[in-house]
Every structure is written in C-alpha cells, then in structure tokens.
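The structure under discussion appears below in the form of structure tokens.
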Amino acid sequence: MCFTPAQKGMALRPAKRKRKVPKGQMGVQMEKLTIKAMAKVNLGLDVIRRREDGYHEVKMIMQTVDLFDELTFEVQEENRIEVFTDNQELPCDEGNLIYRAAALLTEKCRLEKGIRITLKKNIPIAAGMAGGSTDAAATLVGMNRLFDLGLSVKDLQELGVKIGADVPYCIQGGTMLSEGIGEILSPLPPVPDCYVVVAKPEINVSTKFVYENLHAESLKEHPDIDGMIVCLTNKDLKGMAEKMGNVLETVTAKHYPVIEEIKAFLAERGALRAMMSGSGPTVFALFEEKQTARKAYEELKQAGYTRQVYLTGFTSDTCVEV
Ligand code: ATP
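Right, here's the structure in full:
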C-alpha cells in the first residue's frame with residue numbers, strides 16, 4: 000500500500016530547489032536526492048538444487064562492500080521516467096534495471112509525477128557484484144523517500160524480487176544469509192574487521208550462462224555455510240575464511256583461467272582467502288593487515304591482469320544519502 004502525502008492528509012508543499020529537509024520528515028516532498036548503491040560479494044555461495052520452474056535454490060552469505068554507484072533522483076512534473084548514465088555500455092531504457100524499478104514503483108503507487116534518474120557507475124558491470132540489482136534496489140529506496148510513499152522495507156523487497164533475486168538483499172545490505180532463490184534473508188553477525196582487495200578481470204560473464212552450465216545435482220563439494228555462520232558468531236575471521244567457497248567457480252573459473260591466476264597471486268601475498276564472487280569473474284581477497292592488503296593491491300595493479308583493482312572493506316551501510 001502506497002501513501003502519497005495528500006492521501007495522508009498532508010499538503011504538498013511547493014517544490015524546492017534543493018533538498019533541505021532531513022530524511023523522513025513527513026509531509027514535505029523533496030525534489031532531489033542522491034544515494035549510494037553498494038556492491039556485494041558472496042562470502043559463501045552454495046546451490047542446493049534446480050527447481051522445476053528453472054530457478055536455482057541457493058544458500059549464500061552476502062556481504063556489502065564499500066564500492067558504490069551514485070544515483071541522483073529528481074522529481075519531474077511530467078509523468079515520465081528518464082534514465083541517464085555516464086557509462087556508455089549501459090542502456091537507458093527498459094533494458095536498465097533502474098528504469099524497470101522506477102516503472103514498477105510508478106505503477107504500483109500510481110505516481111502522477113515523473114522521475115529523472117542519473118547514474119554515476121563505479122561498480123564493475125557483469126562482475127558478480129550485483130551492480131544492476133543494487134541500482135534497482137537504490138531506485139526503489141530513493142523513490143520511496145523522494146515521494147514520501149511510506150512503503151516498508153518488506154514492501155520494497157516484495158517489489159524488488161520481481162526485478163531480480165538479489166534485489167531484496169541489496170535493499171537491506173550488511174551480512175546476511177540468503178536462501179530460497181535469494182529472497183529469504185536472515186541477518187548475521189558482521190564480519191570481523193579486515194581489508195579487502197577486489198579485482199575484476201577484463202571479461203564480462205553472464206549470470207544466466209553460468210547457472211545454465213552448472214550441474215547442481217552432481218556437485219562434489221559444497222561450502223560449509225553453517226560452519227561459516229558459527230565462525231561469524233564467534234568473531235573468528237580465520238575460521239570463516241577457511242570455510243569460504245563458491246560452487247559457481249566450477250563453471251566460470253573453468254572457462255576463464257585468469258580467475259585462478261588472480262586467486263593464486265593474492266593467496267601468495269598473504270590473503271586469508273581469495274575467492275570468486277557470485278557468478279564471477281570478480282575475485283576478492285580478505286587480509287588481516289592493512290599493509291599486507293595494500294602491498295598485494297599495488298602488486299596486482301602492476302601485474303597487468305586487469306586495470307580494475309580496488310582496495311576496500313566491508314560495510315553495513317546501504318542506500319545512504321550522499
Ligand atoms: P549479479 O551479481 O547480480 O549476477 P552482475 O554483477 O553479474 O550481477 P550486472 O552488473 O548487474 O551483473 O550486469 C548484468 C547485466 O545487466 C549487464 O549486461 C547490463 O547490461 C545489465 N544491466 C541493466 N541495468 C544495469 C545497471 N543499472 N547496472 C549494471 N548492469 C545493468
């Protein structure tokens with residue numbers, strides 16, 4: 000159920016040039032808002048089975064990474080959705096998940112005004128870092144705030160899963176167990192402090208291709224997700240790192256040897272663990288010491304595997320205002 004300020008019995012104020020009101024102040028409609036859409040990695044990714052409807056039942060530990068896109072939302076008088084981006088690889092029509100999220104919310108809440116959304120893209124594309132899903136999530140959260148629609152996180156997640164299985168997680172962020180097709184979420188204790196090196200090889204991997212080539216029933220090894228949760232509860236970073244695993248590596252890393260090469264490179268430089276995220280090809284590695292992480296990051300940049308290398312960390316912030 001959506002509420003417009005008018006339905007709540009509140010007068011719509013004339014539009015302001017810039018947002019000056021604190022978020023959540025009822026009855027005042029903002030005109031412009033910029034929020035961060037965070038990337039994720041999978042600390043653990045297991046596929047339980049392929050369902051009859053073609054979806055895969057998963058058991059994953061999701062983690063927000065401090066790498067983000069920026070989305071700016073501006074109300075338009077005309078009832079029209081417009082998407083702009085600084086990345087020429089991405090479509091600006093229905094092919095963009097931002098557009099789809101905006102259209103879904105406009106229809107559900109029968110919005111009379113339009114929206115103009117500008118995306119500053121930083122998250123690597125087709126990388127296994129949920130770049131599109133997090134933009135869709137930020138669109139739902141951003142428009143809910145901008146139009147003061149009063150939708151709960153659960154309402155937004157129910158809408159979000161229609162766009163993609165990772166969208167409900169991206170709306171909430173943090174450290175989460177994700178089950179079902181990705182929509183059943185349970186919060187977990189945060190990962191103990193560590194430093195993270197992320198590398199996106201210069202190849203794009205289609206999530207659809209990876210799942211289609213996965214033989215879920217004949218997987219010989221499964222990551223110990225329950226064991227990882229025990230380690231998180233005990234704040235045992237090393238124990239958790241030892242148990243990390245991603246069954247999708249059996250497909251993606253087999254096709255692209257550079258994934259194992261980057262993993263080995265980072266492991267040799269002191270990573271507690273280096274692993275592929277999601278359907279890949281992004282590799283991320285955990286380090287206990289900042290200096291070790293920085294050295295590995297610098298050396299990986301020099302090594303020439305890829306130009307997309309980041310030194311970052313984990314966070315629980317998501318969809319925060321810039
Ligand atoms: P996941 O980890 O959820 O599988 P991913 O990181 O592998 O996602 P995305 O970056 O989300 O992959 O991109 C997958 C495809 O989605 C791309 O080919 C891209 O054209 C399309 N796409 C649509 N909208 C967006 C968007 N806003 N950002 C990135 N990709 C988008």
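If you use numbering that gives the first Met the number 0, the sequence shown corresponds to residues 0 to 321, in order. Each residue gets a CB set at the ideal place from its N, CA and C atoms; glycine is no exception.
Secondary-structure assignment with DSSP links Val246 through no beta bridge to anything.
For the pair Ile162 and Glu178, the Cα-to-Cα distance works out to about 17 angstroms. Going by DSSP, Asn78 is part of no alpha helix (DSSP H) at all; its letter is neither H nor E. C-alpha of Val197 to C-alpha of Met227: approximately 21 angstroms in a straight line.
Per DSSP, the unbroken beta strand (DSSP E) holding Phe286 starts and ends at 282-286. Residue state for Lys294 is assigned as helix, using DSSP reduced to three classes.
In this structure, the beta-carbon distance from Phe264 to Ala302 falls below 8 angstroms.
Uninterrupted alpha helix (DSSP H) stretches at least 4 residues long and entirely within the segment 65-114 occur at 96-107, given in chain order. For a cut-off of 8 angstroms, the C-beta gap from Arg293 to Leu310 is around 6 angstroms, short enough to register as a contact. Taking 8 angstroms as the cut-off, the Cβ atoms of Phe72 and Met37 do not count as close. Contact annotation: Met275 and Ala240 have beta-carbon atoms that are not nearer than 8 angstroms. The shortest C-alpha to C-alpha distance from Met128 to any of Val40, Asn143, Val190, Asn233 is the one to Val40. A direct Cα-to-Cα measurement between Ile258 and Pro167 gives close to 28 angstroms. For ligand 1, no non-hydrogen atom lies closer than 7 angstroms to the CB of Met175. Per DSSP, Leu176 is one residue of the beta strand (DSSP E) stretching across 174-179.
Secondary structure of Asn143 (DSSP, three-state): helix. Distance from Leu42 to Gln62 at the Cβ level is roughly 5 angstroms; contact confirmed, criterion being Cβ atoms closer than 8 angstroms.
Per DSSP, the continuous beta strand (DSSP E) segment holding Met275 begins and ends at 272-275. In this structure, Met128 has its CB closer than 7 angstroms to one or more heavy atoms of ligand 1. A direct Cα-Cα distance of roughly 42 angstroms separates Leu218 from Glu320. Straight-line measurement puts the Cα of Arg48 at about 46 angstroms from the Cα of Glu30.
Here Val190 is buried, its C-beta having at least 16 other C-beta atoms within 10 Å.
Ala125 has its CB nearer than 7 angstroms to a heavy atom of ligand 1. Within the same chain, and ignoring the five residues on either side of Val74 in sequence, the residues whose Cβ sits closer than 6 angstroms to its Cβ are Glu30, Lys112.
The straight-line gap separating the alpha-carbon atoms of Thr117 and Leu32 is approximately 11 angstroms. Annotated as proximal: Asp134 and Leu70, with beta-carbon spacing under 8 angstroms.
In the three-state scheme derived from DSSP, where H, G and I count as helix and E and B as strand, Tyr309 is classed as strand. Nearest to Lys120 by C-alpha distance, out of Leu150, Ser132, Leu247, Ile114, is Ser132.
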